[in-house]
Amino acid sequence: MTSRIPYSFVGASCASLALAAASPAPAQQIIDLPAEDRTLELEFEELYRLGTLSGEEWEQFGDVQSVAFNAAGNLLVFDQHDLAQKIYVVDPEGRLVREMGGPGEGPGEFGNAVAMAVMPDGRVVVADHDRQRYHLFAANGEFERMVRKPGSPSAWRMGPVRAQPRASAIITVPGQAQGVTMTAGAFSGPLVLPTSLSIERRDLSGERSETDTIAEAWLPPTGLENEDENFQRNYIHIPTALLPELSPSLHWRVLPDGRVAFSDSTTWTVKIAETGAGVVRILKRPFQPEPLTSRMIRAERDRRLRRLEEGGSPDRVERMRGVIESSEYYHELSVIRGLEVTWDGRIWVLRWGAEPWSDGPIDVVTPDGGYLGSYPAGMTALPAAFGPDGLAAFIETDELGVQTVVVRRMVGS
810 MTSRIPYSFV
820 GASCASLALA
830 AASPAPAQQI
840 IDLPAEDRTL
850 ELEFEELYRL
860 GTLSGEEWEQ
870 FGDVQSVAFN
880 AAGNLLVFDQ
890 HDLAQKIYVV
900 DPEGRLVREM
910 GGPGEGPGEF
920 GNAVAMAVMP
930 DGRVVVADHD
940 RQRYHLFAAN
950 GEFERMVRKP
960 GSPSAWRMGP
970 VRAQPRASAI
980 ITVPGQAQGV
990 TMTAGAFSGP
1000 LVLPTSLSIE
1010 RRDLSGERSE
1020 TDTIAEAWLP
1030 PTGLENEDEN
1040 FQRNYIHIPT
1050 ALLPELSPSL
1060 HWRVLPDGRV
1070 AFSDSTTWTV
1080 KIAETGAGVV
1090 RILKRPFQPE
1100 PLTSRMIRAE
1110 RDRRLRRLEE
1120 GGSPDRVERM
1130 RGVIESSEYY
1140 HELSVIRGLE
1150 VTWDGRIWVL
1160 RWGAEPWSDG
1170 PIDVVTPDGG
1180 YLGSYPAGMT
1190 ALPAAFGPDG
1200 LAAFIETDEL
1210 GVQTVVVRRM
1220 VGS
C-alpha cells in the first residue's frame, strides 16, 4: 500500500532565539542593530518581461515555482504548468537559449520535479519527488547523472533546494516539503514527533547524497502531540501543514561563501550558520511582533474571499468559502515576511506592512552585522532572485492569476 499526502502550499516556521546546532558550536556572536531606519534610494532599469500576452508560446507560464541566475547573467525559470516540469534558460536579452527537462522516464526527464537549484557556474540540480533522486545537468544543459537522496524507504519527501557555492552540494529543509509519499512501513516502528526544522547540507559528489545538519530551526507548536497515532504518522513528515494561517515561517537563503542566513523568529532576528559550527552570529533589530486582532483576521478572510471569487469557478468558490471562514490564525504577526541574498552577499530582509497582506520596508544588512539601511515600503518588492551585476528577477501575478517574470537591473543603492 502506498499513500500520498497531496502537494499543497504550506508555510514553514519562525520564532524564538533558541538554536540547536548539529554539533557543539562556539559562542554565538549577538549583534544589536539600530532601531531607527536609515533610508536608502533605489532605482531599477527594466530589461525584459516573460509571460506577456504578446510573448512567444514557450513563455506562457502557468505555475512558476522558482527562478535563479547563473554567473553569465542567464535566467533559469522552473515552470510546473499542467505538469510541464520545464526549465527555460533565458539569455541577458530575454531570448530563449534552451529548454530542459519535461515529464518522462528517459535521461534528463522528470517523474515529479518539485524544486530547482542553480550553481553559479551554470550547473543545475532538480529534485524529483517520485524518483527520490536529484538530476544533475551540466552548464550547457546536458544531463549528467542522478544522485539518490537519503531517507526512509517507507516515507519520502523533497524540500526546497538551493545551491551551495564552491561545492557540489545543495542546502535543503526537508520539513518544508509540500508533500510526502508513504508506504505501509511508515505506519509501524518508532514514532518521533518533529520539534524543529533541520537545515541540511547534501553533498552530491557521489552516487548517493551525504547529509550534514547545519542548524535546527524553530518549529512553532503544531498540536501534533494531541492527535492520535495514525494522524501523527500521516503528518510527522510535513508538520508545517498543520500550522495556523499567518504562522511564523522559516526564511532562509545561501550566502556566496556557502553559509546560510535564516530567520526563525517572530521578532527581527537573522542568524548566520555554517557547516560544522551551527549558528555563529545572530543579528537583531528591536522590533516585536504585532498582535493579530479580530479586525485584521476578518479583513484577511475578506481579502481571500474576494480573490477566490475573482478567479474561481462557482463550485470551487462554494467549496472553499467554508475553509476560508473556518481557518485558524496565529495569535501574532511576525516582523519578518521574507529574506533574499544578493550576488555579493547582502541580506535583504522584508518586514510586514500595516496589514497581514502588505509589505513593509526592506532592511539591508551584511552577514558580519552591518546595517546599511532600509528601502521604504512601496519602493520595491522583494526580488525572487538576484543575479550578477545588479540583476534581479521578480515573479508578478495579476488578478487573473497570470504570471509574468520581470528582470530588472539595480541602478541605485
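Mapped onto my numbering, the consecutive letters of the sequence shown carry residue numbers 810 to 1222. We put the CB at the ideal spot given by N, CA and C, even for glycine.
Starting from residue i, follow the beta strand (DSSP E) in both directions and report where the run begins and ends.
| i | result |
| --- | --- |
| residue 1170 | 1168-1174 |
| residue 927 | 922-927 |
| residue 1250 | No information on residue 1250 is available, as it lies outside the stretch 810 to 1222 that the chain covers here. |
| residue 1040 | Element bounds for residue 1040: not the beta strand (DSSP E) but the alpha helix (DSSP H), 1038-1044. |
| residue 1186 | No beta strand (DSSP E) contains residue 1186, which DSSP labels as neither H nor E. |
| residue 874 | 873-878 |
| residue 1219 | 1212-1219 |
| residue 1063 | 1060-1063 |
| residue 1066 | First-last for residue 1066: undefined, no H or E at that position. |
| residue 1011 | 1005-1012 |
Can you give the beta carbon distance from residue i to residue j, rounded, assuming they're within the 8 Å contact cut?
| i | j | result |
| --- | --- | --- |
| residue 1053 | residue 1138 | 5 Å |
| residue 1223 | residue 1055 | Residue numbering for the chain in the displayed model covers 810 to 1222; residue 1223 lies beyond these limits and cannot be assessed. |
| residue 1158 | residue 1097 | With a Cβ gap of about 15 Å, residue 1158 and residue 1097 do not count as contacting. |
| residue 1215 | residue 855 | 7 Å |
| residue 933 | residue 942 | With 8 Å as the limit, residue 933 and residue 942 do not qualify as a contact, their Cβ atoms being about 14 Å apart. |
| residue 929 | residue 974 | 5 Å |
| residue 1000 | residue 953 | Contact flag wrong, Cβ pair sits at about 39 Å. |
| residue 898 | residue 909 | 7 Å |
| residue 859 | residue 903 | 7 Å |
| residue 1189 | residue 851 | 6 Å |
| residue 1186 | residue 884 | About 27 Å separates the two Cβ atoms, so there is no contact after all. |
| residue 1051 | residue 1032 | 6 Å |
Roughly how many angstroms separate the alpha carbons of residue i and residue j, rounded to a whole number?
| i | j | result |
| --- | --- | --- |
| residue 1089 | residue 1193 | 26 Å |
| residue 830 | residue 964 | With a pLDDT of only 40 at residue 830, under the threshold of 50, the placement of this residue in the model should not be trusted; the figure read from the coordinates follows. The alpha-carbon atoms of residue 830 and residue 964 are separated by roughly 25 Å. |
| residue 839 | residue 917 | 45 Å |
| residue 1195 | residue 1036 | 42 Å |
| residue 1010 | residue 1127 | 43 Å |
| residue 1059 | residue 1142 | 14 Å |
| residue 1218 | residue 1043 | 45 Å |
| residue 1208 | residue 873 | 16 Å |
| residue 1135 | residue 966 | 28 Å |
| residue 1073 | residue 1146 | 11 Å |
| residue 1191 | residue 894 | 25 Å |
| residue 1220 | residue 1101 | 37 Å |
| residue 1112 | residue 1012 | 43 Å |
| residue 968 | residue 962 | 16 Å |
| residue 980 | residue 870 | 27 Å |
| residue 1094 | residue 844 | 6 Å |
| residue 998 | residue 1171 | 46 Å |
| residue 925 | residue 1107 | 36 Å |
| residue 971 | residue 1084 | 15 Å |
| residue 1026 | residue 1160 | 19 Å |
| residue 863 | residue 880 | 29 Å |
| residue 1086 | residue 1120 | 48 Å |
| residue 1131 | residue 1109 | 14 Å |
| residue 896 | residue 1200 | 19 Å |
| residue 987 | residue 1049 | 9 Å |
| residue 1176 | residue 837 | 13 Å |
| residue 1023 | residue 1103 | 38 Å |
| residue 1149 | residue 1162 | 17 Å |
| residue 832 | residue 945 | For residue 832, the pLDDT reaches just 43, beneath the cut-off of 50, and the residue's location in the model is therefore unreliable, leaving the point undetermined. |
| residue 1174 | residue 1071 | 13 Å |
| residue 949 | residue 878 | 14 Å |
| residue 989 | residue 995 | 11 Å |
| residue 1081 | residue 984 | 19 Å |
| residue 1129 | residue 847 | 43 Å |
| residue 1244 | residue 938 | Given that the chain is displayed from residue 810 to residue 1222, the structure contains no residue 1244 and the question cannot be resolved. |
| residue 993 | residue 1017 | 24 Å |
In the DSSP assignment, what residue or residues form a beta bridge with residue i?
| i | result |
| --- | --- |
| residue 1093 | 841 and 1078 |
| residue 896 | 887 and 909 |
| residue 861 | Answer is none; residue 861 lacks a bridge partner. |
| residue 944 | 935 and 955 |
| residue 1100 | 1141 |
| residue 1116 | Looking at the DSSP assignment, residue 1116 forms no beta bridge with any residue, so it has no partner. |
| residue 1199 | BP columns for residue 1199 are empty, so no partner. |
| residue 1087 | 1083 |
| residue 1204 | 1214 |
| residue 971 | 980 |
| residue 1157 | 1149 and 1173 |
| residue 854 | 1218 |
| residue 1194 | 1202 |
| residue 1031 | Looking at the DSSP assignment, residue 1031 forms no beta bridge with any residue, so it has no partner. |
| residue 1054 | 1138 |
| residue 870 | According to DSSP, residue 870 bridges with nothing at all. |
Using a Cβ-Cβ distance cut-off of 8 Å, determine whether residue i contacts chain C.
| i | result |
| --- | --- |
| residue 1024 | You won't find chain C in this structure, because it holds only one protein chain. |
Got a sec, what are the start and stop residues for the alpha helix (DSSP H) residue i sits in?
| i | result |
| --- | --- |
| residue 1129 | 1123-1135 |
Can you tell me whether residue i sits near the ligand SAH, meaning its C-beta is under 7 Å from at least one heavy atom of the ligand?
| i | result |
| --- | --- |
| residue 975 | The model on display carries no ligand, and the ligand SAH is accordingly not part of it. |
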